[in-house]
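A short worksheet on the structure shown next.
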Amino acid sequence: MIRFSLKKKLHGAQGDFLLELEFEMGADELIVILGPSGSGKTTLLRMLAGLEKPEEGYIEVKGEVWYDSKRGINLPPQKRDVGFVFQDYALFPNMSLFENIAFGMKKKDPQKVMELLRLAGLEQLKDKKPSGLSGGQKQRVALLRALAKEPKLLLLDEPLSALDPETAITLREEIKKFQRSFNIPTIMVSHNREDALSLASRVLLLSEGKIKSVGKPKDVLFSRRESPKFSLNGIVLEKEIAEYACILSVAVGSEVVQVVAPKDQEKEFKPGDRVLLSTKAFVPIVRKTEAVLKKSL
Amino acid sequence: MNSLDLTPFWLTLELSFWTTLILLFLGIPLAHFLAHGRSRWISLVEALVSLPLVLPPTVLGFYLLLALNKEGFIGSLWYRLFGKQLVFHFEGILIASVIYSLPMMVHPLTAGFRSVPKNLIEASYTLGKSKWETLIKVILPNMKASVLTGIVLSFAHTLGEFGVVLMVGGNIEGETRVVSIAIYSAVEALDYTTAHVYAFVLLLFSVFSLTALYVLNRRWSLL
Numbered sequence: 001m002i003r004f005s006l007k008k009k010l011h012g013a014q015g016d017f018l019l020e021l022e023f024e025m026g027a028d029e030l031i032v033i034l035g036p037s038g039s040g041k042t043t044l045l046r047m048l049a050g051l052e053k054p055e056e057g058y059i060e061v062k063g064e065v066w067y068d069s070k071r072g073i074n075l076p077p078q079k080r081d082v083g084f085v086f087q088d089y090a091l092f093p094n095m096s097l098f099e100n101i102a103f104g105m106k107k108k109d110p111q112k113v114m115e116l117l118r119l120a121g122l123e124q125l126k127d128k129k130p131s132g133l134s135g136g137q138k139q140r141v142a143l144l145r146a147l148a149k150e151p152k153l154l155l156l157d158e159p160l161s162a163l164d165p166e167t168a169i170t171l172r173e174e175i176k177k178f179q180r181s182f183n184i185p186t187i188m189v190s191h192n193r194e195d196a197l198s199l200a201s202r203v204l205l206l207s208e209g210k211i212k213s214v215g216k217p218k219d220v221l222f223s224r225r226e227s228p229k230f231s232l233n234g235i236v237l238e239k240e241i242a243e244y245a246c247i248l249s250v251a252v253g254s255e256v257v258q259v260v261a262p263k264d265q266e267k268e269f270k271p272g273d274r275v276l277l278s279t280k281a282f283v284p285i286v287r288k289t290e291a292v293l294k295k296s297l
Numbered sequence: 298m299n300s301l302d303l304t305p306f307w308l309t310l311e312l313s314f315w316t317t318l319i320l321l322f323l324g325i326p327l328a329h330f331l332a333h334g335r336s337r338w339i340s341l342v343e344a345l346v347s348l349p350l351v352l353p354p355t356v357l358g359f360y361l362l363l364a365l366n367k368e369g370f371i372g373s374l375w376y377r378l379f380g381k382q383l384v385f386h387f388e389g390i391l392i393a394s395v396i397y398s399l400p401m402m403v404h405p406l407t408a409g410f411r412s413v414p415k416n417l418i419e420a421s422y423t424l425g426k427s428k429w430e431t432l433i434k435v436i437l438p439n440m441k442a443s444v445l446t447g448i449v450l451s452f453a454h455t456l457g458e459f460g461v462v463l464m465v466g467g468n469i470e471g472e473t474r475v476v477s478i479a480i481y482s483a484v485e486a487l488d489y490t491t492a493h494v495y496a497f498v499l500l501l502f503s504v505f506s507l508t509a510l511y512v513l514n515r516r517w518s519l520l
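Here you go:
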């Protein structure tokens, strides 16, 4: 169980505002925090990690108090046992991949490092320095480095936003896989609804430092409005098999939509597939947008 | 040509070596403070560090002579501790060199500390490493070109030091007569052959060390 309540004054582009929130999460949850830039998402993560100091509140992780303004407790980041993954990876350029991953381990265990490298398909590059890697590989190493110390809480600060969409999809799957197998409570900051939909156990919408809504991704993200578009290109994010049909969640541009596919076609689709959404029979809704021109004779 | 006296060379190398070593240990905390400190005195400290660049060596030497002599603030303390004078001794010119070459070490190191991305340091903290361990394993290895620049510049600058040494140390054989002063007294005694040899060796050595510095820096910056 992780509980925190934090208060801090922030300086935004539209003036100062107060970051003020209270939250509780279970030990196996993956929370995705969504919100526009400047809403305090990253500051929240940094306060949890001990890199920034809140003005008031408390942080309690699995029975340990990390911060409590009333009792004057404020553990430094070194003592908080978090894994932090930075948006721009922050790999140590002077160390090999192996050394990067082993760096934070409480007990150096070369076999475990190799196992992690193998999981990510990077064992051949173990002696390489990070500078030659692709963005996706770098972020994979950063994730492994944070996991290798088996933290009590994993914090991901927009880990996919610097990657191209295809790499982001693969890595998103890996984050899911790792989080499940390591079973570490995770908070991920993102501005991408796809992240929320395919990873989150719960989504937290943040706006101007306050929680706007919180709940299951589908409840928070989907409104009941129908899409007025006729034909759209998209990428399958998730497949859910219901009783009579198969429900696909598809990313279309920056939007995410759900569509129903016949159950017998279910095998054709898997997450990551590019698809074309269209409707055959529809009733167009026509509305006048301009005054009709005067009849001319 | 009479056989060449090599003592000034050894003395110069010894002085440069110790000066550089002391500056390295002094320069790292000082540069760290200048790069990341939040004191309101920081600009004053920065100015004091840079002072030897703009002051004539004689001015610096004059004040050092006042401070280091037997009645001076530092000199009297030293005399009471070790029963020995600082001025006209090796230890005296060593202190003078450290102050004189301070900017040569501190400026590159400060630039180095500023160049290491903040999130590398924060990543190291979240991975459980203390400030000290982060300095040794993350910060310094990622600014090694700056460390090398500081070392080579301090060493080369001390090699060529003249005015301050002359003011504080005088011209005492085997104690304070470094190469630059040996050249000066050889020229005064119209012994141009000795002056030529000393000058040429110093010139070669300086060219060599600076070239080595730039070659290494170029190679490291490509990493």
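Chains as they are written, first to last, in our numbering: chain A, 1 to 297; chain B, 298 to 520.
We treat Cβ as the ideally placed atom computed from N, Cα and C, and that holds for glycine.
Predicted model only: the values in this text are computed from it and were never measured.
Measure how close the beta-carbons of residue 171 of chain A and residue 140 of chain A come, nearest whole angstrom, since I'm counting them as under 8 Å. 7 Å
Apart from the five residues just before and just after residue 273 of chain A, which ones in its own chain have a Cβ nearer than 6 Å to its Cβ? 236
Can you check which of these residues, A:278, A:247, A:49 and A:101, is closest to residue 271 of chain A by C-alpha distance? A:247
Give the residues from the segment 51-65 of chain A that approach chain B closer than 7 Å (Cβ to any Cβ), ordered along the chain. 51
What is the rounded straight-line gap between the Cα of residue 131 of chain A and the Cα of residue 201 of chain A? 34 Å
CB contact check: residue 414 of chain B to chain A, cutoff 9 Å: yes
According to DSSP, which residues form a beta bridge with residue 262 of chain A? A:245
Looking at chain B, which residues of the segment 205-218 of chain A have a Cβ within less than 8 Å of any of its Cβ atoms? none
Residue-chain proximity (residue 405 of chain B, chain A), Cβ-Cβ < 9 Å: no
Is it a yes or a no for the segment 443-459 of chain B touching the segment 387-400 of chain B, going by three-plus beta-carbon pairs under 8 Å? yes
For a quick check, are the C-beta atoms of residue 22 of chain A and residue 6 of chain A less than 9 Å apart? yes
With 9 Å as the C-beta to C-beta threshold (strictly closer), list the residues of the segment 352-368 of chain B near chain A in chain order. none
For a contact defined as C-beta to C-beta under 8 Å, what are the partners of residue 84 of chain A on chain B? 419, 420 and 423
Buried or exposed (CB count within 10 angstroms, at least 16 for buried), residue 414 of chain B: exposed
Count the other C-beta atoms from every protein chain shown that fall within 10 angstroms of the C-beta of residue 66 of chain A, then say buried if there are 16 or more, exposed otherwise. buried
Buried or exposed by the 16-neighbour rule on C-beta atoms within 10 Å, applied to residue 422 of chain B: buried
Assess contact between the segment 80-92 of chain A and the segment 108-120 of chain A, defined as three or more Cβ pairs (one per stretch) separated by less than 8 Å. Is contact present? no
Hey, quick one: how far does the beta strand (DSSP E) through residue 157 of chain A stretch, first residue to last? 153-157
Consider the Cβ of residue 94 of chain A: report whether some Cβ of chain B lies at a distance smaller than 9 Å. yes
Straight-line CA distance for residue 314 of chain B to residue 93 of chain A? 30 Å
Local Cβ density within 10 Å of residue 144 of chain A, reported as buried at 16 or more and exposed below that: buried
Can you give me the C-alpha to C-alpha distance between residue 77 of chain A and residue 51 of chain A, rounded to a whole angstrom? 6 Å
Whole-angstrom C-beta distance between residue 158 of chain A and residue 191 of chain A, which should lie under 8 Å: 7 Å
Give me the Cα-Cα distance between residue 304 of chain A and residue 137 of chain A, rounded to the nearest whole angstrom. Residue 304 of chain A lies beyond the residue range present for chain A, which begins at 1 and ends at 297; the question has no answer from this structure.
Where residue 426 of chain B meets chain A, residues with beta-carbon distance less than 9 Å: 78, 103 and 104
Classify residue 338 of chain B as buried or exposed, calling it buried when 16 or more other Cβ atoms lie within 10 Å of its own Cβ. exposed
By a C-beta neighbour count over all protein chains shown, 10 Å radius and 16 as the cutoff for buried, is residue 70 of chain A buried or exposed? exposed
Pairwise C-alpha distance: residue 11 of chain A and residue 350 of chain B: 41 Å
For residue 415 of chain B, the first and last residue of its enclosing beta strand (DSSP E): First-last for residue 415 of chain B: 415-423, but that is the alpha helix (DSSP H), not the beta strand (DSSP E).
Paired residues, beta bridge with residue 16 of chain A - DSSP: A:11
Is the beta carbon of residue 447 of chain B closer than 9 Å to that of residue 324 of chain B? yes
Short CB-CB distance (under 9 Å) between residue 439 of chain B and chain A: yes
Using a Cβ cut-off of 9 Å (strictly closer), state whether residue 81 of chain A contacts chain B. yes
My assumption, with CB atoms under 8 Å, is that residue 251 of chain A sits in contact with residue 194 of chain A. Please give the rounded CB distance. 5 Å
For a contact defined as C-beta to C-beta under 8 Å, what are the partners of residue 435 of chain B on chain A? 92 and 94
Short of 7 Å in beta carbon distance, which residues of its chain neighbour residue 355 of chain B, apart from the five on each side in sequence? Order them along the chain. 460 and 464
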